[in-house]
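K.L.:
So for the sequence shown, full-length UniProt numbering puts the first residue at 1; every next one is plus one.
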Amino acid sequence: MHDLKKQQREKNKYFFKNIDDSRASSEMALKKDRAALQSLCSGQQKNERRNEKRN
Numbered sequence: 001m002h003d004l005k006k007q008q009r010e011k012n013k014y015f016f017k018n019i020d021d022s023r024a025s026s027e028m029a030l031k032k033d034r035a036a037l038q039s040l041c042s043g044q045q046k047n048e049r050r051n052e053k054r055n
């Protein structure tokens with residue numbers, strides 16, 4: 001039971017992080033800020049690699 005709650009908290013954390021990143025990327029696209037958008041995407045890729053290594 002404890003593991004299920006922990007998994008749910010992790011999923012919620014990633015869900016809200018993705019929502020925030022989506023909003024940020026939309027704002028960057030509207031402002032045509034390619035450098036910031038590229039930086040955001042690179043950061044997401046690095047985080048994904050770290051998460052894959054953990055599992």
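Even for Gly, the Cβ is constructed at its ideal location relative to N, Cα and C.
Please determine, among Arg50, Lys53 and Cys41, the residue with the shortest C-alpha to C-alpha distance to Asp20.
P.N.:
Position 20 of the sequence shown, counted from the start, is the residue given in the question as residue 20. Taking the Cα of Asp20 as reference, the smallest distance to any Cα among Arg50, Lys53 and Cys41 is reached at Cys41.
K.L.:
Which of the three DSSP states is assigned to Met1 in this structure?
P.N.:
Counting from one through the sequence shown, the residue named residue 1 turns up at place 1. Coil at Met1, not helix or strand.
K.L.:
Looking at the unbroken alpha helix (DSSP H) that takes in Lys46, where does it start and where does it end?
P.N.:
The residue labelled residue 46 in the question sits at position 46 within the sequence shown. Start and end: Arg34 to Arg54.
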